[in-house]
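J.:
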Amino acid sequence: QEEDDSCSDYGSRDKPGTALGRTVPDGNVLFPDIFHTDNLLFYERFQAYQDYILADCKASEVKEFTAEYLEKVLEPCGWQAVWRTNVFEVLVEVVDVEYSALKAVVQLGGLFLCESRVSTFNLECIQELLELKEYQIPLQELWVVYDESGEFDQTALAVEHVRFFYKHIWRTWDEEEEDDFDYFVRCVEPRLRLHYDILEHRVPSGIVADYQNLLSQCEELYRKFLNVRNSISSSDSDSEVENVSMVEGLKLYEEIEHLKQKLKLIENPLLRYVFGYQKYSGLQAKGPRPMGTKITHVVSSTMMSSLLQSLMRDKLCPESCGEELEIQFHNDPLAAVNACYEGDTVIICPGHYVVDGVLCIADSVELEGYGLPDDIVIEKQGKGDNFVECTGANIRISNLKLVQHDAVEGILNVHHGKTTLENCVLQCETTGITIRTSAELLMKNSDLYGATGAGVEIYPGSTCSLLDNGIHHCKEGILIKNFLDEHYDIPKITMVNNMIHNNEGYGVVLVRPAMSSDVKDASEVRTKGIFSLPRRNSLKSKSTISRLLDCIIHDQGIYPKRKTEPPQAGDGTACLEGFRKEELPACGTDELELDEPAEVSEQTEGNYEIANELGATSVKKRQMHKKRLSELGITEADDNLMSQEMFVSIVGNQFKWNGKGSFGTFVF
């Protein structure tokens with residue numbers, strides 16, 4: 001490590017003046033301005049904890065590593081800070097730092113500035129409190145007073161890192177965890193990512209509430225557990241009371257472990273949506289009405305006589321329906337959907353409907369717009385997580401325009417059963433349509449645009465048929481999730497005559513793990529840092545897979561370069577390949593039968609590329625399955641097990657003006 005790498009680049013004393021902002025404290029007392037450090041970016045905190053503070057330390061070593069970091073960057077004296085508690089704020093001067101205890105030795109300044117929520121709290125009370133604390137204050141309770149010279153930038157940042165860590169990252173039970181694994185990878189990174197995902201509204205509010213509740217429950221149970229454990233350890237007798245306490249302690253321990261597993265599930269970006277998705281996948285269908293009747297629900301903000309006559313002629317006339325109809329009228333699509341039972345139909349008349357809630361469709365019902373999609377608009381109002389959730393066995397949605405705002409999740413999620421979407425327009429904001437495992441989507445003659453993620457996300461084991469659609473102006477057109485894992489089934493995909501254009505990335509993206517032919521050395525690529533402090537020598541290249549997959553899930557826009565370009569710092573460590581016709585993997589005729597056309601236009605060559613790559617990946621999965629069976633001593637597998645094949649029908653699709661090409665593969 002070079003000698004000039006002894007301090008951070010931003011906030012460095014080599015630069016004239018401070019690089020940090022300032023904040024005017026709230027309240028009636030005229031405190032001096034403080035450094036504004038609570039707005040650091042994710043990667044600023046990430047690199048600070050990974051490279052300069054924690055590195056690969058164990059949970060039991062966190063305090064020691066933090067103290068070493070503070071000794072390098074924290075000014076030992078000569079700076080002022082505002083000491084904040086839940087009761088008061090007071091201006092103090094730092095005269096020394098107890099690094100091992102993560103505390104500062106303070107004294108009151110010449111000018112006593114104090115603001116308290118208790119009117120009787122005065123100078124004498126502060127002095128008594130300081131004496132009780134031996135004038136040592138935890139660093140996380142101090143906010144460094146602003147200094148424009150830049151001399152205390154490092155100090156302000158260091159205090160911020162300590163404060164943030166113990167407020168948002170550290171858990172009281174972390175030290176009790178096994179130290180076999182790197183604490184940063186195991187705990188810090190996932191919790192840090194979750195914190196920023198919540199700040200940026202990428203996590204559904206229901207999951208956020210669940211996480212906070214679980215955290216509170218776990219902290220309360222852990223306090224009880226410590227009390228029980230301490231009472232047992234302080235007792236010398238083998239009494240019945242102690243035996244009862246041991247049983248209680250074991251019960252608390254099991255409850256804590258159960259809650260901790262749930263917390264880890266939400267902290268994992270790959271698994272947290274499974275946690276949230278279970279809520280909607282568990283929606284109970286109402287089934288048929290007791291009398292077996294089916295109702296037609298008519299939705300209209302105002303019902304004019306001419307509209308009613310048209311409806312009677314086209315939709316509600318007994319002659320056209322073949323039977324007498326029972327009709328209910330609503331002025332809100334959400335109310336109509338909530339009133340549905342198995343077999344009901346909802347007819348939505350022209351108008352602009354604003355809904356504040358989730359359209360949860362758990363029965364086989366039909367939602368039909370009466371007119372053209374642009375004339376029948378359903379717009380999601382307010383910040384929400386979901387828009388349309390489908391779990392019914394056979395749902396049909398047609399002739400509607402869905403408009404999404406302030407969303408966290410996609411515009412339409414198919415969790416179970418089959419959903420048919422025909423002649424619809426979907427104006428998205430996050431992900432477009434998601435087809436979960438074991439679910440089926442048939443989408444035809446529809447237009448989808450505006451997704452900041454993928455327009456369509458296809459999960460393993462799902463069935464997706466896309467016919468004559470437009471998918472455009474999204475981050476990626478279609479994203480096919482990794483299905484190579486032994487627990488996943490191969491998705492069944494049909495794409496015919498779709499126009500996939502003007503997407504920022506690829507038209508179609510396949511996510512799969514690296515195979516032996518394309519594994520690359522990830523350790524050579526590192527993200528450029530903003531610090532120049534000496535790095536921990538023991539720092540490992542780690543957690544890059546989770547970072548890439550997190551990018552795929554949340555669509556943060558961090559995409560590696562094409563295969564034809566050299567990897568650059570900051571691109572991550574995954575390989576993203578843009579396949580061309582001459583680079584396609586070779587497949588035996590028994591594995592994938594597909595004749596390459598003699599001449600392939602630039603607009604349609606993606607059909608050949610996609611079919612070949614999906615077929616090759618399907619074959620790879622079959623080979624992996626055979627190998628596993630062979631290792632188990634099974635030489636002849638059940639035909640049902642071995643016949644699992646991806647049904648690929650990719651014909652007539654056009655790919656135009658996609659930023660990175662028609663097809664790419666995320667290799668992780």
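So for the sequence shown, full-length UniProt numbering puts the first residue at 1; every next one is plus one.
Cβ coordinates follow ideal geometry from the N, Cα and C atoms, glycine included.
1. For G371, which residues of its own chain have a beta-carbon under 6 Å away from its beta-carbon, when the five flanking residues on both sides are left out?
2. Evaluate A19 with the Cβ neighbour count: other Cβ atoms within 10 Å of its Cβ, from every protein chain shown; 16 or more gives buried, anything less gives exposed.
3. Indicate whether E379 and V403 have their beta-carbon atoms separated by less than 8 Å.
4. Return the Cβ separation of I397 and C424 in integer angstroms, given the expectation that the two are a contact with Cβ distance under 8 Å.
5. Count the other C-beta atoms from every protein chain shown that fall within 10 angstroms of the C-beta of L548, then say buried if there are 16 or more, exposed otherwise.
6. Can you tell me whether K656 is helix, strand or coil according to DSSP?
7. Using the rule of at least 16 other Cβ atoms within 10 Å of the residue's Cβ for burial, across every protein chain shown, is H352 buried or exposed?
8. So for M291, helix, strand or coil by DSSP?
9. How about the stretch 242-253 and the stretch 280-299: do they share at least three Cβ pairs that are nearer than 8 Å?
10. Between the alpha carbons of F663 and K444, how many angstroms are there, rounded?
11. Under 8 Å between the Cβ atoms of E141 and W79?
12. Would you decide whether G652 is buried or exposed? Buried here means 16 or more other CB atoms lie within 10 Å of its CB.
13. How is P373 classed by DSSP in three states: helix, strand or coil?
14. How is L214 classed by DSSP in three states: helix, strand or coil?
15. Which parts of the stretch 80-138 are runs of the alpha helix (DSSP H), unbroken and 4 residues or longer, counting only runs that do not cross its ends?
16. Report the CB separation of L325 from T302 in whole angstroms; it is logged as a contact under 8 Å.
17. Would you kindly work out how many angstroms separate the C-alpha atoms of V667 and T617, rounded to a whole number?
18. Taking just the CA atoms, how far does I395 sit from Y211?
19. Going straight from the alpha carbon of H330 to that of N338, what length do you get?
20. Buried or exposed for C317, please, with buried defined as at least 16 other CB atoms from any protein chain shown within 10 angstroms of its CB.
21. Among the residues of its own chain, which have a CB less than 6 Å from the CB of L441, if the five just before and after it don't count?
22. Could you check what DSSP says for G606 in three-state terms: helix, strand or coil?
23. My output table needs one value for I327: the three-state DSSP class, helix, strand or coil.
24. In the DSSP assignment, find the unbroken beta strand (DSSP E) run with D447 in it and report its ends.
25. Short check: CB of G392 to CB of G410, under 8 Å?
26. Does the stretch 145-152 come close enough to the stretch 41-57 that 3 or more CB-CB pairs lie under 8 Å?
27. Name the DSSP beta bridge partners of M304, please?
28. Below 8 Å, how does it come out for the stretch 20-32 and the stretch 89-104: are there three or more Cβ pairs, yes or no?
29. From M304 to L311, what does the alpha carbon distance come to, in whole angstroms?
30. Closest by CA to I256, which one among Y99, G417, N227 and C218?
31. Which one or two residues does DSSP pair with H472 in a beta bridge?
32. Quick check on the burial criterion: 16 or more other C-beta atoms within 10 angstroms. Buried or exposed for P190?
33. Does the structure place the stretch 464-480 close enough to the stretch 490-508 that three or more beta carbon pairs sit under 8 Å?
34. Reducing DSSP to helix, strand and coil, say where Q261 ends up.
35. Rounded C-beta distance between F46 and A55? I'm assuming under 8 Å.
36. Closest by CA to V355, which one among T345, F387, L367 and L102?
T.: According to the structure data:
1. Contacts found: P350.
2. When all chains shown are included, A19 counts as exposed.
3. For the 8 Å CB-CB criterion, E379 and V403 form a contact.
4. I397 to C424, Cβ: 6 Å. Contact.
5. Unreliable positioning characterises L548 in this predicted model, as indicated by a pLDDT of 37, which lies under 50. A coordinate reading is not provided.
6. DSSP places K656 in strand when its eight states are reduced to three.
7. Counting the other CB atoms within 10 Å of its CB gives H352 a total below 16, which places it among the exposed residues.
8. Looking at M291 - three-state DSSP - the assignment turns out to be coil, as it is neither helix nor strand.
9. Under the three-pair Cβ rule at 8 Å, the stretch 242-253 does not count as touching the stretch 280-299.
10. Between the alpha carbons of F663 and K444 lies a distance of about 21 Å.
11. In this structure, W79 does not lie closer than 8 Å to E141 by Cβ.
12. It is exposed - the Cβ of G652 has fewer than 16 other Cβ atoms within 10 Å.
13. The three-state reading of DSSP puts P373 in helix, counting H, G and I together.
14. Three-state DSSP puts L214 in a helix.
15. Counting only runs of 4 or more, we get 123-132.
16. Wrong, their Cβ atoms sit about 21 Å apart, outside the cutoff.
17. Those two C-alpha atoms are separated by around 12 Å.
18. Answer to the nearest angstrom: the Cα atoms are 32 Å apart.
19. About 11 Å.
20. With fewer than 16 other Cβ atoms within 10 Å, it is exposed.
21. V414, T419, I435 and C464.
22. If DSSP states are grouped into helix, strand and coil, G606 belongs with the helices.
23. Strand, per DSSP.
24. Its beta strand (DSSP E) spans residues D447 to Y449.
25. Result no, Cβ atoms of G392 and G410 do not sit closer than 8 Å.
26. Judged by Cβ distances under 8 Å, the stretch 41-57 makes no contact with the stretch 145-152, as fewer than three pairs qualify.
27. None, per the DSSP bridge assignment.
28. Segments in contact, yes.
29. Here the alpha carbons of L311 and M304 stand approximately 11 Å from one another.
30. Nearest Cα to I256 within the set Y99, G417, N227 and C218: C218.
31. Note: H472 sits in a beta bridge opposite Y449 and H501.
32. Buried, by the Cβ-count rule.
33. The answer is yes - the stretch 464-480 touches the stretch 490-508, with three or more Cβ pairs under 8 Å.
34. Three-state result, Q261: helix.
35. Incorrect: roughly 13 Å between the Cβ atoms, too far for contact.
36. Taking V355 as reference, the option from T345, F387, L367 and L102 with the minimal CA-CA separation is F387.
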